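I have placed the structure first, in the form of structure tokens, so that the comments after it can refer back to it.
There are 2 protein chains.
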Amino acid sequence: MIRDAQDSVCQAIEAADGGGKFKEDVWSRPGGGGGISRVLQDGAVWEKAGVNVSVVYGMMPPEAYRAAKAAATDQKPGPIPFFAAGISSVLHPKNPFAPTLHFNYRYFETDAPKDAPGAPRQWWFGGGTDLTPAYIFEEDVKHFHSVQKSACDKFDRTFYPRFKKWCDDYFYIKHRGERRGLGGIFFDDLNDYDQEMLLSFATECANSVVPAYIPIIEKRKDTPFTDQHKAWQQLRRGRYVEFNLVYDRGTTFGLKTGGRIESILVSLPLTARWEYDHKPQEGSEEWKLLDCLHQPKGVALISFSGSCLWNIVPECSIQLPFCFLEIFSPSFPAIES
Amino acid sequence: MIRDAQDSVCQAIEAADGGGKFKEDVWSRPGGGGGISRVLQDGAVWEKAGVNVSVVYGMMPPEAYRAAKAAATDQKPGPIPFFAAGISSVLHPKNPFAPTLHFNYRYFETDAPKDAPGAPRQWWFGGGTDLTPAYIFEEDVKHFHSVQKSACDKFDRTFYPRFKKWCDDYFYIKHRGERRGLGGIFFDDLNDYDQEMLLSFATECANSVVPAYIPIIEKRKDTPFTDQHKAWQQLRRGRYVEFNLVYDRGTTFGLKTGGRIESILVSLPLTARWEYDHKPQEGSEEWKLLDCLHQPKGVALISFSGSCLWNIVPECSIQLPFCFLEIFSPSFPAIES
């Protein structure tokens, strides 16, 4: 499944890029397993696009176990045998109006520690697909989320609202008090369904990447832009770096287990920027994005500023990932497709 | 002391820059205390130069205590009252041949937890000054280290070799297996000397920043460079970001204690770059830097490549911070000035 997804996403990216070609690296991990990294750098449309698959196994230190598992309350002492297979991708386009996409679907299994051979093994699925634009286009966000919802609904109608909220909670840059992007779906530690069903679900999600993302790219890749637009995109890329290096579980897991650094950090953008105390002008397009990324925690409806108002219009309810759900849930009924 | 150091460094930077002026922000911390951040952005010589002083106090969570203290074996449960005062600075020049400088000197005090009022309070000094060039100039590294050594030698002749090694060990990007830069001095948890003496020592170190750094900048700021030189500098800036966000104790402490984000992250460069699997050509100037940043752990003398050979020439022994000491210590005698 992960090889098929890698092939189809890379083909779609190359076709849309029109110029760049993926370069493939096959690598093996000293501790066990290996992977295939494909990277397209400095293409016509994408600045950096990485699509990696890996199958790794071995012994993981306890800190890595905590990084790998969201709810690691079952603390195990000592190294734990593990197996992990997954696909992971980050696609950074050049045009500041074309959004970055990240997706990752993985299966994880841990065995009992060597000193407790009777303990049960554990398995779980994790993953998600999420969109990180530098500028908001309502129709793009709506399209992206509706494809995620369709994929989820084929399996369980509770998945989309649940995994959409999880996505908003996960891609949160705590020290900034802002989301990395405009969400999508995210789940982890998923094992309370049939294993085959979850594999089909993860496959469906991976297959939804191309229809969710490529039409947005086709629409935005040639939009004219100024140096100011580019500088804003670069600042947002800086936030992407902050999230990935400080919070992202996949990245921290990889760094702690001695994963292949170039494959792990291919998620970082080609270029990024940090300006001291940069504040977009109120009401600007840049400000509108920031306003939607800032957590409206504990904010009553009445305090909503104009730029987020469309979140509370029912037909737009699936567009923006967090403002809406955080305020209305759990009283808001499941969205009907 | 910290205000005086801020003034003198900022004056020297402005004079050398010739164009840029520092912008000052005075801020207060909701939990207690505040600071003065001075930032010069997009100057003639410096891309981004930040010199911050802060005096903060309040209650710190246990994770923050671990981040603040290098050897936090004395784990305290629950929040701990703390006081911290310090100066911190990162100076990123534009010219790829002009090195980045970081320095930070701080005093820390923790009180007993509220639920254990009898426990002893603790205090310590920490800090250091280190140089991160994108290209090696032997004479620059030698000059920089000799000023650090002179400052140390005024107080204790064991300081320089000890704090130089500590610096090399601290500024280590573990997942890359490479040092961030070419070292300097670094110390933490220093409390086994008279408190006044350590304050004088930290003051002397802070006063050594200008004579150690500015002459190098004067020499390199106008060196002609190509796009390739600039791209290499940008890749090294990416490494700087990796170290600061993943490992730096000051940064992680700040993020965990809800410090002022813009002051903490002013250490990040204005721009940075990540290319997939970038490998400089063997023997190139870029390769020479990398070769010296890679840890020669367990490497016998015989395997030394040409670019590091000058480390083992006695008269150059204080130039490059790690290759030499790691191989010869503890048998190598203290360097005589």
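Here the protein sequences come in this chain order: A and B. In this text, residue positions in the first sequence follow the UniProt record's numbering: the first is 1, and each later residue adds one. In this text, residue positions in the second sequence follow the UniProt record's numbering: the first is 1, and each later residue adds one. Heads up, the beta-carbon is just placed ideally off N, CA and C, and yes, glycines get one too. This structure is a prediction, so every number in the text was calculated from the model and none was measured.
Requested in this report: Please work out which residues of its chain come closer than 8 Å, Cβ to Cβ, to proline 120 (chain B), disregarding the five sequence neighbours upstream and downstream, and give them in chain order.
Outcome: Within its own chain, the residues whose Cβ lies closer than 8 Å to the Cβ of proline 120 (chain B), once the five positions on either side in sequence are excluded, are Ala112, listed in chain order.
Query - Whether tryptophan 46 (chain A) touches lysine 94 (chain A) by CB criterion (8 Å) - result: yes
Requested in this report: Count the other C-beta atoms from every protein chain shown that fall within 10 angstroms of the C-beta of threonine 158 (chain B), then say buried if there are 16 or more, exposed otherwise.
Outcome: exposed
Query raised in the report: Could one say the Cβ of arginine 179 (chain B) lies closer than 8 Å to chain A's Cβ atoms, at least one of them?
Result: no
Query raised in the report: Under 8 Å between the Cβ atoms of arginine 273 (chain A) and glutamine 228 (chain A)?
Result: no
Query - Cβ contact check for the stretch 144 to 155 of chain A and the stretch 175 to 191 of chain A: 3 or more pairs under 8 Å - result: yes
Query raised in the report: If the cut is a Cβ gap below 9 Å, which residues of chain B does histidine 175 (chain A) touch?
Result: Gly254, Leu255, Lys256, Gly258, Gly259, Ile261, Ile264, Leu265
Query raised in the report: Does the beta-carbon distance from valine 246 (chain B) to proline 269 (chain B) come in below 8 Å?
Result: no
Query raised in the report: Using a beta-carbon distance below 8 Å, is leucine 270 (chain B) in contact with chain A?
Result: yes
Query raised in the report: Using a Cβ-Cβ distance under 8 Å, would arginine 29 (chain A) count as near chain B?
Result: no
Query raised in the report: So which residues of chain B does leucine 245 (chain A) contact, with C-beta pairs closer than 7 Å?
Result: Glu242, Leu245, Val246
Query raised in the report: So what does DSSP say about residue 371 (chain A), is it helix, strand or coil?
Result: The structure shown does not extend to residue 371 (chain A), since chain A is modelled only from 1 through 337, so no value can be given for it.
**Report entry** Three-way DSSP call (helix, strand, coil) for glutamate 286 (chain A) in this model
**Finding:** In the structure shown, glutamate 286 (chain A) sits in a helix (DSSP, three-state: H, G or I).
Query raised in the report: In angstroms, rounded to a whole number, what distance separates the CA positions of tyrosine 160 (chain B) and lysine 154 (chain B)?
Result: 10 Å
Query raised in the report: Is there a Cβ from chain A that is less than 8 Å from the Cβ of tryptophan 274 (chain B)?
Result: Interface criterion met: the Cβ of tryptophan 274 (chain B) is under 8 Å from a Cβ in chain A.
Query raised in the report: Hey, would you say glycine 86 (chain B) sits closer than 8 Å to isoleucine 2 (chain B), going by beta carbons?
Result: yes
Query raised in the report: Residues in its own chain within less than 7 Å of isoleucine 214 (chain B) by CB, not counting five upstream and five downstream?
Result: Ala12, Ala16
Query - Contacts of glutamine 41 (chain B) in chain A (Cβ-Cβ under 9 Å) - result: Glu275, Tyr276
Query - Status (buried if at least 16 other CB within 10 Å, exposed otherwise) for tryptophan 124 (chain B) - result: buried
Query raised in the report: Would a C-beta distance cut-off of 8 Å place threonine 100 (chain B) and phenylalanine 82 (chain B) closer than the cut-off?
Result: In this structure, threonine 100 (chain B) sits away from phenylalanine 82 (chain B), with a CB-CB distance that is not shorter than 8 Å.
Query raised in the report: glycine 20 (chain B) and glycine 43 (chain B) look like a contact to me (Cβ under 8 Å); what is the Cβ gap, rounded to whole Å?
Result: 2 Å
Query raised in the report: What is the DSSP secondary structure of residue 354 (chain B), reduced to helix, strand or coil?
Result: Given that chain B is displayed from residue 1 to residue 337, the structure contains no residue 354 (chain B) and the question cannot be resolved.
Query raised in the report: Under three-state DSSP, which class holds serine 263 (chain A)?
Result: Helix, per DSSP.
Query raised in the report: Does the beta carbon of aspartate 25 (chain A) come closer than 8 Å to any beta carbon on chain B?
Result: Yes, its Cβ sits closer than 8 Å to a Cβ of chain B.
Query raised in the report: From lysine 48 (chain A) to serine 89 (chain A), what does the alpha carbon distance come to, in whole angstroms?
Result: 11 Å
**Report entry** Three-way DSSP call (helix, strand, coil) for aspartate 168 (chain B) in this model
**Finding:** helix
Query - Spatially closest choice to isoleucine 216 (chain A) from A:Leu199, A:Asp189, A:Asn104, A:Asp140, by CA coordinates - result: A:Asp140
Query raised in the report: With DSSP run on the structure shown, which of helix, strand or coil describes tyrosine 105 (chain B)?
Result: Note: tyrosine 105 (chain B) maps to strand in three-state DSSP.
Query - Reduced DSSP category for valine 45 (chain A) - H, G, I as helix; E, B as strand; rest coil - result: coil
Query raised in the report: aspartate 25 (chain A) to aspartate 277 (chain B), Cα distance in whole Å?
Result: One C-alpha to the other measures close to 10 Å.
Requested in this report: Go ahead and pull the three-state DSSP assignment for serine 8 (chain B).
Outcome: helix
Query raised in the report: Under 8 Å, do phenylalanine 243 (chain A) and alanine 64 (chain A) count as touching if we go by C-beta distance?
Result: no
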